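Trainee: Add 81 to the 1-based position in the sequence shown for the working numbering, that's all there is to it.
There's a structure below that I have some questions on.
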Amino acid sequence: MAPQGSRAPLEFGGPLGAAALMLLLPATMVHLLLVARSGPARLLGPPPYLPGLEALWSPRALLLWLTWLGLQAALYLLPARKVAEGQELKDKSTLRYPINGFQALVLTALLVSLGVSAGLPVGELAEMLLPLAFVATLTAFIFSLLLYLKALLAPTSALAPGGNSGNPIYDFFLGRELNPRIRSFDFKYFCELRPGLIGWVLINLALLMKEAELRGSPSLAMWLVNGFQLLYVGDALWQEEAVLTTMDITHDGFGFMLAFGDLAWVPFTYSLQAQFLLYHPQPLGLPMASVICLINAFGFYIFRGANAQKNTFRKNPSDPRVADLETIPTATGRQLLVSGWWGMVRHPNYLGDLIMALAWSLPCGMSHLLPYFYFLYFTVLLVHREGRDERQCLQKYGLAWREYCRRVPYRIVPYIY
Ligand SMILES: NC(=O)C1=CN([C@@H]2O[C@H](COP(=O)(O)OP(=O)(O)OC[C@H]3O[C@@H](n4cnc5c(N)ncnc54)[C@H](OP(=O)(O)O)[C@@H]3O)[C@@H](O)[C@H]2O)C=CC1
Ligand SMILES: CC(C)CCC[C@@H](C)[C@H]1CC=C2C3=C(CC[C@@]21C)[C@@]1(C)CC[C@H](O)C[C@@H]1CC3
């Protein structure tokens, strides 16, 4: 079977870059987990110690992790309030996706509340993060291998545009099959939104409860970080259908990058601020907390406004909320917005997301760089992602995209970038 898209340009530095990332990303995650617990909490210094296998491996963590995956899979299979259609595929078919992510979040919250009232020590999770992150990484490797093997049996039309270069390391990293499924269970869609995102807020909650146990009550900084990130995850799950148009679902294969990103990277590094606060309590007064809330609200306003405007427009360009916006026609029949949020910069949603990322770090004070890791990493991720999206849009829309770039010259930050 000839690999489809074998001439697609290699991304992420090709096979060497992919191999380096597969080593560097898990190592960075472990480094962050260790440093967050250490006294000096130096992002750029060496880790306080190198963990042996006994610190990483725990059958209890494995059992807990598999139970978590099983619970989220069961919630995914429950009847959904809606079943959405994905974008048209190469063979002109469309896939159907259950829209029940928010329901999964609420049911998980109910189960956790029941557990807590029955004496379940959720705060103990805070001490199991290292072995949990290790088993999540192990799962991601094994899962990616199974996905790679599954893709050997997939028809050419089911393969992703990238991720089929013929180099096994590169293809393992990027992912070969676009929408690997068993019957109606879509692995990529499930992983993108459920175990990792909901796991992230559960870890945050565990850290908050542990702080209450240690210090009598959670700090204001911990409340803010928990509240902001719960809003972000709740919003993502409420707007679950929007993920069907992201490049992760429509363009990227499902391989190590997304499996590790979704299952390990998101829950264990995105909760870094709450981890830092547990071991390094930070004083935060009400005036500063109010300013930080305003910054988060401002970021969320841009993020949600921009995403909603594009999603509404893509669903129905004559919707009264977007019908007055100026557009550029393209040869594909689709139009590009050139006023409103999408006339300000070419990725207003990234701008809002970055402002929120800053607001999540600010409650941790200015004494350490560590809690700003997410903001720094996210800037790199979004700049890189924006470059990938631009290349794909140029390919899709050609001259119309060039015209859009001429009319809206800034990418993410007005007058700066
Ligand atoms: N927290 C995290 O780790 C991450 C968060 N995110 C967030 O997820 C959300 C989705 O991000 P992402 O999938 O990268 O990208 P976008 O939601 O920005 O989608 C990009 C697509 O939008 C369409 N588009 C671009 N410009 C216009 C325009 N002017 N008018 C109409 N349509 C346009 C194009 O697709 P088409 O024309 O085909 O519709 C383009 O490919 C963002 O809010 C982002 O911030 C993303 C990555 C990681
Ligand atoms: C491991 C690497 C560093 C790269 C991993 C990337 C992934 C962590 C992200 C790729 C796209 C993502 C999206 C989200 C979370 C992070 C990942 C999985 C959201 C679900 C976050 C909430 C937003 O509202 C929607 C996002 C879609 C893309």
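Just so you know, even glycine gets a beta-carbon here, dropped at the ideal spot from N, CA and C.
Remember, predicted model here, so these are calculated numbers, not experimental data.
(1) Say whether the segment 200-212 touches the segment 333-346, bearing in mind that this needs 3 or more beta-carbon pairs closer than 8 Å, one atom from each stretch.
(2) According to DSSP, is ASP499 part of a helix, a strand, or is it coil?
(3) How should ILE497 be labelled, buried or exposed, when 16 other C-beta atoms within 10 angstroms of its C-beta is the threshold for buried?
(4) Taking 7 Å as the cut-off, is the C-beta of VAL324 nearer than that to any heavy atom in ligand 2?
(5) Check whether the Cβ atoms of LEU443 and ILE373 sit closer than 8 Å, and answer yes or no.
(6) Cβ atoms of VAL216 and TRP149: under 8 Å apart, would you say?
(7) DSSP puts VAL179 in a beta bridge; with which residues?
(8) In the DSSP assignment, find the alpha helix (DSSP H) that holds GLN354 and state where it starts and stops.
(9) Work out the CA separation of PRO364 and ARG262 for me, nearest whole Å.
(10) Identify whether ARG141 lies in helix, strand or coil by the three-state DSSP scheme.
(11) Which full runs of the beta strand (DSSP E) of 3+ residues lie inside the segment 292-346, going along the chain?
(12) Quick one: what does DSSP say GLY86 is sitting in, helix, strand or coil?
(13) Less than 8 Å between the C-beta atoms of GLY336 and PHE254, yes or no?
(14) Evaluate the contact criterion for the segment 443-455 versus the segment 417-433: three or more CB pairs, one atom per stretch, below 8 Å.
(15) For LEU418, which of helix, strand or coil comes out of DSSP?
(16) When you compare the segment 356-371 with the segment 315-324, are there three or more beta-carbon pairs, one atom per stretch, that lie closer than 8 Å?
(17) Using a Cβ-based criterion (distance less than 7 Å to any ligand heavy atom), does GLU273 qualify as near ligand 4?
(18) Secondary structure at PRO410, three-state DSSP: helix, strand or coil?
(19) How many Å lie between PRO490 and ARG466 at the Cα?
(20) Cβ-heavy atom distance between LEU278 and ligand 2 below 7 Å?
(21) List the residues that DSSP assigns as beta-bridge partners of ARG262.
(22) Under 8 Å, do ALA293 and GLY380 count as touching if we go by C-beta distance?
(23) From this set, LYS391, ASN430 and ALA136, which residue's C-alpha is nearest ARG415's C-alpha?
(24) Please classify ASN307 as buried or exposed, where buried requires at least 16 neighbouring CB atoms within 10 angstroms.
(25) Indicate the three-state DSSP secondary structure (helix, strand or coil) for SER448 in the structure shown.
(26) Please find out if some non-hydrogen atom of ligand 2 comes closer than 7 Å to the beta-carbon of ALA389.
(27) So the alpha helix (DSSP H) MET425 belongs to, where does it begin and stop?
(28) Express the C-alpha separation of LEU137 and MET82 in angstroms, rounding to a whole number.
(29) Using beta-carbon positions only, say whether VAL193 and LEU283 come within less than 8 Å of one another.
(30) Tell me, please, which residues DSSP counts as bridged to LEU240.
(31) Tell me which residues share the same chain as GLY277 and place their Cβ nearer than 7 Å to its Cβ, disregarding the 5 neighbours each side in the sequence.
(32) Using only alpha-carbon positions, find the residue among LEU457, TYR351, SER238 and LEU226 that is nearest to LEU259.
(33) For GLN354, count neighbouring Cβ atoms within 10 angstroms of its own Cβ and tell me buried if that reaches 16, exposed if not.
(34) Using CA coordinates, which residue listed in TYR178, LEU156, GLN153 and SER174 is at the minimum distance from LYS73?
(35) Classify TYR69 as buried or exposed, calling it buried when 16 or more other Cβ atoms lie within 10 Å of its own Cβ.
(36) Who are the Cβ neighbours of ILE436 in its own chain at under 7 Å, not counting the five residues just before and after it?
Mentor: A quick look at the data gives this:
(1) No, the segment 200-212 is not in contact with the segment 333-346.
(2) Residue 499 is absent from the structure shown; the chain starts at 82 and stops at 498.
(3) Classification of ILE497: exposed, given that the 10 Å Cβ count is below 16.
(4) Within the cutoff, so yes.
(5) With a cutoff of 8 Å on beta-carbon distance, LEU443 and ILE373 are scored as near each other.
(6) In this structure, the beta-carbon distance from TRP149 to VAL216 does not fall below 8 Å.
(7) Looking at the sequence shown, residue 179 is not Val but Pro. According to DSSP, PRO179 bridges with VAL164.
(8) It spans 353-360 - the alpha helix (DSSP H) in which GLN354 sits, taken as one unbroken run.
(9) Here the alpha carbon of ARG262 sits roughly 48 Å from the alpha carbon of PRO364.
(10) Of the three classes helix, strand and coil, the one that applies to ARG141 here is helix, per DSSP.
(11) Listed in chain order, there is nothing to give.
(12) Caution applies to GLY86, whose pLDDT of 42 falls short of 50 and renders its modelled position unreliable; the value that the coordinates give is listed next. GLY86: coil per DSSP, three-state reduction.
(13) Yes. Within cutoff.
(14) Segments in contact, no.
(15) In this structure, LEU418 counts as strand in the three-state DSSP scheme.
(16) Touching, no.
(17) No copy of ligand 4 appears in this structure; the ligands present are ligand 1 and ligand 2.
(18) Here PRO410 carries a strand assignment [DSSP, helix/strand/coil].
(19) Using only the alpha carbons, I get a separation of about 17 Å.
(20) Because some heavy atom of ligand 2 lies under 7 Å away, the Cβ of LEU278 counts as near it: yes.
(21) Answer is ASP267.
(22) No.
(23) Of the residues LYS391, ASN430 and ALA136, the one whose Cα lies closest to the Cα of ARG415 is LYS391.
(24) With 16 or more other Cβ atoms within 10 Å, it is buried.
(25) SER448 sits in coil when the DSSP states are folded into three classes, being neither helix nor strand.
(26) Flag unset: Cβ of ALA389 not near ligand 2.
(27) Taken as a continuous stretch (DSSP letters only), MET425 belongs to no alpha helix (DSSP H), as it is neither H nor E.
(28) The predicted model places MET82 with a pLDDT of 36, which falls under 50 and marks its position as unreliable, so this point remains unresolved.
(29) The criterion of a C-beta distance shorter than 8 Å is satisfied by VAL193 and LEU283.
(30) In the DSSP output, where bridge partners are listed per residue, LEU240 has GLU258.
(31) Only ASP343, LEU344, VAL347 and PRO348 meet the Cβ criterion.
(32) For LEU259, the closest alpha carbon among the candidates LEU457, TYR351, SER238 and LEU226 is that of SER238.
(33) By the 10 Å Cβ count, GLN354 comes out buried.
(34) The chain is shown only over 82 to 498; residue 73 falls outside these bounds and no answer can be derived.
(35) Residue 69 is absent from the structure shown; the chain starts at 82 and stops at 498.
(36) Only ILE376, PHE379, GLY380 and ILE383 meet the Cβ criterion.
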